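In our numbering, the protein residues as written are 57 to 203. Beta carbons are placed, not taken as given, at the ideal position from N, Cα and C, and that holds for glycine. Keep in mind it's a predicted model, so treat the numbers as computed, not measured. Notes for the one structure printed next.
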C-alpha cells in the first residue's frame with residue numbers, strides 16, 4: 057500500500073467560506089500551470105453535486121476532465137476521483153473536509169489516496185501530486201482569506 061497524501065491548512069475564515077471558495081471559485085485561485093491546457097483564460101469547473109464533474113474548459117471551448125464528485129456534503133466535506141493526467145479507470149481518491157476552529161478560523165483537511173491503482177508509477181505520482189498540492193494550496197488560502 058502506498059501511503060496517502062495528508063495535508064491540513066489553517067485559515068482565517070469560516071469553514072463555510074473556505075468550502076464555498078474551494079468549490080465555487082476555483083477559477084479565481086487555481087493556478088493555470090496546474091491544468092492540462094495551461095490556458096490562462098481556462099474556466100475551472102466543479103459541478104456542485106454527487107456525480108458532478110471536475111474539469112477545465114479552455115477559451116476555445118475544449119474540455120479536459122479531471123474527476124467526478126463521489127461525496128457531496130455542502131459546507132463540510134466532499135470527495136472526488138482524480139485523473140487529470142491518466143485514464144479515469146486509474147483515478148485516485150481525494151477527500152476534503154472543512155471544520156470551524158477557534159474564533160472565525162477553520163481547518164481544511166485533505167487526504168489523497170488510491171495510488172496503488174497506478175501500479176509501478178504510483179510512488180512517482182504521489183510525489184508529483186504532493187508538489188501539486190503545495191502549489192495550489194497557497195493560492196486557495198489567499199483567496200479564501202481575502203474576501
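Alpha carbon of residue i to alpha carbon of residue j, nearest angstrom
{"i": "residue 164", "j": "residue 189", "result": "13 Å"}
{"i": "residue 156", "j": "residue 200", "result": "14 Å"}
{"i": "residue 172", "j": "residue 123", "result": "17 Å"}
{"i": "residue 79", "j": "residue 65", "result": "16 Å"}
{"i": "residue 133", "j": "residue 115", "result": "30 Å"}
{"i": "residue 70", "j": "residue 76", "result": "10 Å"}
{"i": "residue 58", "j": "residue 158", "result": "34 Å"}
{"i": "residue 202", "j": "residue 73", "result": "11 Å"}
{"i": "residue 39", "j": "residue 125", "result": "What is shown of the chain runs 57 to 203, which leaves residue 39 out entirely."}
{"i": "residue 119", "j": "residue 101", "result": "10 Å"}
{"i": "residue 178", "j": "residue 131", "result": "31 Å"}
{"i": "residue 180", "j": "residue 143", "result": "16 Å"}
{"i": "residue 63", "j": "residue 117", "result": "33 Å"}
{"i": "residue 139", "j": "residue 145", "result": "8 Å"}
{"i": "residue 183", "j": "residue 141", "result": "14 Å"}
{"i": "residue 83", "j": "residue 96", "result": "10 Å"}
{"i": "residue 176", "j": "residue 162", "result": "37 Å"}
Start-to-end residues for the beta strand (DSSP E) that takes in residue i
{"i": "residue 67", "result": "61-67"}
{"i": "residue 174", "result": "Unbroken run through residue 174: none, as it is neither H nor E."}
{"i": "residue 58", "result": "Where residue 58 is concerned, there is no enclosing beta strand (DSSP E), given that its DSSP letter is neither H nor E."}
Own chain residues within Cβ distance below 6 Å of residue i, not counting five before or after
{"i": "residue 91", "result": "98, 112"}
{"i": "residue 151", "result": "135, 167"}
{"i": "residue 169", "result": "60, 149"}
{"i": "residue 174", "result": "146, 181"}
Nearest-angstrom beta carbon gap, residue j and residue i [assumed within contact, 8 Å]
{"i": "residue 196", "j": "residue 85", "result": "5 Å"}
{"i": "residue 160", "j": "residue 68", "result": "7 Å"}
{"i": "residue 110", "j": "residue 128", "result": "About 12 Å separates the two Cβ atoms, so there is no contact after all."}
Contact set for residue i: own chain, Cβ-Cβ below 7 Å, skip 5 residues either direction
{"i": "residue 87", "result": "191, 192, 195"}
{"i": "residue 185", "result": "61, 168"}
Residue range of the alpha helix (DSSP H) that includes residue i
{"i": "residue 160", "result": "Note, residue 160: premise wrong, no alpha helix (DSSP H); not H, not E."}
8 Å CB neighbourhood of residue i in its chain, flanking five on each side removed
{"i": "residue 94", "result": "88"}
{"i": "residue 81", "result": "199"}
Worksheet item: Quick one: complete alpha helix (DSSP H) runs, 4+ long, within the region 71-97?
Response: Counting only runs that start and end inside the region 71-97, the alpha helix (DSSP H) elements of at least 4 residues fall at 71-80, 82-85.
Worksheet item: Taking the runs of the beta strand (DSSP E) that are 3 residues or longer, which of them lie wholly in the region 92-158?
Response: If we require 3 residues or more, the beta strand (DSSP E) runs fully inside the region 92-158 come out as 99-102, 109-113, 119-129, 133-138, 148-157.
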